[in-house]
Amino acid sequence: MSKPRIKKGDRVLVIAGKDKGATGRVLEVLTDRDKVVVEGVNRIKKHTKVGQTARGAKTGGIVTTEAGIHISNVMLAVEKDGKRVGTRVGIREEQVERGGRTKTSRVRVAKRTGEDI
């Protein structure tokens, strides 16, 4: 798959799966598996081994955490008319003047609203 257009920190809308319609912030992008970890979405219970820390506190038990969700099941979320809606992501190139030299900069653009992300 090509480079993902969703990045860490983006607000996304889940469009498929058990959490369809939920929004959350991207905590991590797993490019090798084409997955993203979204805050508050696809929560699982993980059983961890009971151990002891250096100070003597016990750790372990059942921990609730977020699991990865396939990147095709999320869309970037933008504000439109006071509602949070999903949008596709486009790329726009613009010329930037830096130190007397012109460089090309790539900017992510929301297809639905036309604004920069």
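Heads up, the sequence shown stops at 118 in this note's numbering, and the numbers go up one at a time, no gaps.
From the three backbone atoms N, C-alpha and C, an ideal C-beta is built for every residue, glycine too.
All of these numbers come straight from a predicted model, not from anything done at the bench.
Quick one: is G52 buried, meaning 16 or more other Cβ sit within 10 Å of its Cβ, or exposed? Counted from its first residue, the sequence shown places residue 52 at position 51. Exposed.
Could you compute how far the alpha carbon of G69 sits from the alpha carbon of R93? Start at 1 with the first residue of the sequence shown, and residue 69 comes out as number 68. Start at 1 with the first residue of the sequence shown, and residue 93 comes out as number 92. Cα to Cα, G69 sits roughly 29 Å from R93.
Among all the DSSP beta bridges, which residues are the ones paired with S3? Start at 1 with the first residue of the sequence shown, and residue 3 comes out as number 2. S3 is not bridged to any residue.
One question on the structure: do E134 and V42 come within less than 8 Å of each other, judged by their Cβ atoms? Residue 134 lies beyond the stretch modelled for the chain, which goes from 2 to 118, so this question has no answer here.
Kindly say whether G52, judged by its beta-carbon, lies nearer than 8 Å to any beta-carbon of chain D. In the structure shown, chain D does not exist; there is a single protein chain.
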